[in-house]
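Going by the numbering used here, the first residue of the sequence shown is number 55, and it counts up by one from there.
Working notes for the structure below.
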Amino acid sequence: WRPKAAFGQGSEPRPALASASTSWQKKATMLRRALGLTTVGVGGGAALAYQWAKEALGEDGLERLIKYDRVAIPAIVQYKWVEARCGKLSRLAPLLFPPVSEEEETARFAVLHERWAQPLFDIFMELGGFYYKSGQKIAANTSGVMPKLYIDLFQPFLDRIPPRPFAEIRAVVEEELGVPLGEVFSEFEEAPLGCASIGQTHRAVLRASGERVVVKVQNPKAEQTFRGDVFALKTVVDAFAPQASPAFDEIQKQFATEFDYRGECANAVEVRANLVRSGRFPNVLVPRMHAALCTRRLLVMEEIFPCVPLHHALDAQAALVARQRGVTKEEFLAAEKARVEAESREAASRGRLVRQLSHNTYERYIALQRVRAACWRGAARLY
């Protein structure tokens with residue numbers, strides 16, 4: 055205990071208060087240093103993460119990831135919040151988060167669909183590459199759980215992908231052939247027949263024979279861009295939707311061989327030979343490959359014209375089945391669509407995706423068919 059100084063008698067030293075003040079100053083200094091070190095640590099960690107991502111994805115890949123994340127992450131966060139709000143939170147804390155009906159939950163998700171479908175479509179269309187492929191899967195509803203608004207909006211990804219500039223296509227053709235384009239082709243239409251996620255096709259005429267052909271050209275840096283996009287998206291999916299990670303593993307496996315057109319050429323030659331040998335499918339045509347002109351990024355095949363596009367044939371088949379069932383084609387398609395949507399909703403309510411065949415399943419089936427064909431050939435020779 056220390057006596058207080060009398061009022062008006064001047065100020066005497068107060069060691070206890072000075073000591074407390076000094077203690078608080080030290081604590082404040084330590085706090086500022088800790089915050090500074092934390093800021094430096096966070097900044098250093100962010101810098102290291104940026105450098106790692108730059109080395110793993112490349113400058114262009116990192117820029118594409120940043121563009122995508124600016125749109126996708128806020129959308130994912132809002133979808134996850136509504137999902138948690140209508141599900142786990144209402145069960146864990148019903149007083150804070152009153153349960154909602156299925157109709158109210160659907161209405162809340164519908165608001166998000168209206169808010170985010172167009173921005174996601176725009177960023178997918180801007181980035182191209184793997185995002186084109188993702189847009190195609192959304193439009194085709196391959197997972198069986200996509201909202202109708204997304205399916206309808208993303209339809210352009212199926213058949214209206216913007217073409218690459220012809221200067222880029224010419225550069226790839228000449229790089230693959232090792233000679234100017236005009237030395238191999240007397241005509242080469244600049245407007246593409248069609249565009250896909252990794253390449254596009256053009257009509258042309260061979261200079262040596264005058265034969266009309268179709269040339270499939272891979273987009274510049276398609277493989278690098280695809281692999282970077284898949285890696286980047288898988289990183290986001292692992293963080294926000296780990297249940298979808300196996301799907302990305304399958305995508306990586308399936309795309310492993312798509313960037314070498316020589317494999318596609320070999321498969322076409324084999325399938326064509328098998329069809330001719332069987333003689334049982336006269337209406338199924340596989341174009342004849344010009345193997346000498348086919349390279350890793352270039353595929354040259356005969357032009358089959360006139361021909362019936364696959365989607366036209368499927369449309370005619372749907373009309374035939376509808377007549378057999380005594381309904382119109384529109385009624386048949388509406389009933390099938392309702393059935394698929396009902397199955398999708400049922401699967402989604404159980405937290406499952408519509409069953410898809412994996413890459414390994416396809417590989418095993420192909421191997422089995424090859425063994426079967428070899429056995430038949432061996433038996434025929436022995437007979």
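Here a beta-carbon is modelled for each residue, glycine too, at the ideal position from N, C-alpha and C.
Per DSSP, residue 311 lies in no alpha helix (DSSP H) and is assigned neither H nor E. A direct Cα-Cα distance of roughly 8 Å separates residue 312 from residue 318.
Annotated three-state conformation of residue 361 is coil, per DSSP. Cβ-Cβ separation between residue 215 and residue 171: approximately 18 Å, too far for a contact (criterion under 8 Å).
The beta carbon of residue 305 sits closer than 7 Å to the beta carbons of 284 from its chain, once the five residues preceding and following it are set aside; these are given in chain order.
Scanning its chain for C-beta atoms nearer than 8 Å, with the 5 sequence neighbours on each side dropped, one finds around residue 385 the residues 376, in chain order. Of the residues 149, 219, 289 and 243, the one whose Cα lies closest to the Cα of residue 126 is 289.
Counting the other CB atoms within 10 Å of its CB gives residue 420 a total below 16, which places it among the exposed residues. For residue 212, the number of other beta carbons within 10 angstroms of its own is below 16, and it is reported as exposed.
Under the three-state reduction of DSSP, residue 291 is assigned to helix. Pairing residue 272 with residue 341, the inter-Cα distance amounts to about 18 Å. The residue among 177, 228 and 164 with its C-alpha nearest the C-alpha of residue 201 is 164.
Residue environment analysis places residue 365 among the exposed positions, since fewer than 16 neighbouring C-beta atoms fall within 10 angstroms of its C-beta. Residue 209 and residue 358 have their C-alpha atoms spaced approximately 27 Å apart.
Exclusion of the five residues before and after residue 220 leaves 244 as the residues of its chain whose Cβ lies within less than 6 Å of its Cβ. Membership of residue 356 in the beta strand (DSSP E) is indicated by the continuous run 352-356. No Cβ-Cβ contact shorter than 8 Å links residue 242 with residue 225. DSSP, read as helix, strand or coil, puts residue 432 in helix. Following the DSSP letters along the chain, one finds residue 241 in no alpha helix (DSSP H) but inside the beta strand (DSSP E) bounded by residues 239-242.
DSSP, read as helix, strand or coil, puts residue 202 in helix. Approximately 7 Å separates the beta-carbon atoms of residue 181 and residue 121; this is inside 8 Å, confirming the contact.
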